[in-house]
Amino acid sequence: CAGECGGNAIDDECGVCGGSGIPDDQCDCDGNVDLGCGCGEEGPSGCDETCGSELEFDECDVCGGDGVSCAISYIDVAYDSDIAIAGFQFVVSGPTVLGASGGAAEDAGFTTSTGNNTVLGFSFSGASIAAGSGVLTTLEVEGDASEACMSDLIVAGADAADLDATVSNCLTLSYVEAS
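The opening residue of the sequence shown carries number 897 in the numbering used here; numbering runs sequentially from there.
(1) If we ignore side chains and look at the alpha-carbon of each, how far apart do G899 and G917 end up?
(2) Considering only the alpha carbon of each residue, which of Y975, N1012, T1010 lies closest to G999?
(3) DSSP on D1055, reduced to helix/strand/coil?
(4) My assumption, with CB atoms under 8 Å, is that A982 sits in contact with G1053. Please give the rounded CB distance.
(5) If you check the beta carbons only, do D1040 and G990 fall under 8 Å apart?
(6) Decide if A1044 is buried, meaning its Cβ has at least 16 other Cβ atoms within 10 Å, or exposed.
(7) Compute the beta-carbon to beta-carbon distance between A980 and A1027, rounded to the nearest angstrom, for a pair I have assumed lies under 8 Å.
(8) Taking the alpha carbon of S969 as the reference point, which residue from D954, C959, V987, T992 has its own alpha carbon closest?
(9) Please list, in chain order, all residues of the same chain as V1051 whose beta carbon is under 7 Å from its beta carbon, the five residues on each side excluded.
(10) Could you give the residue range of the beta strand (DSSP E) that holds G983?
(11) Below 8 Å on the Cβ atoms is my contact criterion, and I expect V1031 with D972 to pass it. Report the Cβ-Cβ distance as a whole number of Å.
(12) Can you tell me whether T1008 is buried or exposed, with buried defined as 16 or more other CB within 10 angstroms of its CB?
(13) With a threshold of 8 Å, are at least 3 pairs of Cβ atoms found where one atom belongs to the segment 932-939 and the other to the segment 947-960?
(14) In chain order, what residues of the same chain lie with their CB nearer than 7 Å to the CB of D907, ignoring the 5 residues before and after it?
(15) For D954, which residues from the same chain have a beta carbon less than 7 Å from its beta carbon, with the 5 sequence-adjacent residues on both sides left out?
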């Protein structure tokens, strides 16, 4: 290939007569290097450090998140009972419960506390929430409020009688006394 009669020069893989081929630190004849995503391609990118990613951290510091996981919002828990409520307890799935206040529980002088997504409301003085319907309490939550749902409901009536209350529509405590 060099025009020498009987010479031993040959074209290398890049087509260069007598060349040494692709250098060890390169991946093609154009001098490109492989940064982990293919020869000549950009290296890993985005907050997830994957090839071709354009993901960014949201305001909650979640890679590719939508900002909902740390959003603070307020959810009303309703009640509908035909007898007075002396106390209640329930677990909330979905968002993280940060606190509970307001509603008929606060109006009746209840102490309402939260922990580990459990909500507990009662009165130290023996007061009760009058029969009727409305907002039982308002939850302050962090995360997707649309995912909130009550379970493990315990409701007490006068003299700590267990009321067989049910949860309807995820956020309503219901009790109708059997006739």
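The beta-carbon is built from N, C-alpha and C at its ideal position, and this holds for glycine as well.
Since the structure is predicted, the reported quantities are computational estimates derived from the model, not experimental observations.
The answer reads as follows:
(1) 20 Å
(2) Y975
(3) helix
(4) 6 Å
(5) yes
(6) buried
(7) 5 Å
(8) T992
(9) I981, F984, L1059, A1061, L1069, Y1071
(10) 983-989
(11) 5 Å
(12) buried
(13) yes
(14) C897, C913
(15) G961, D962, G963
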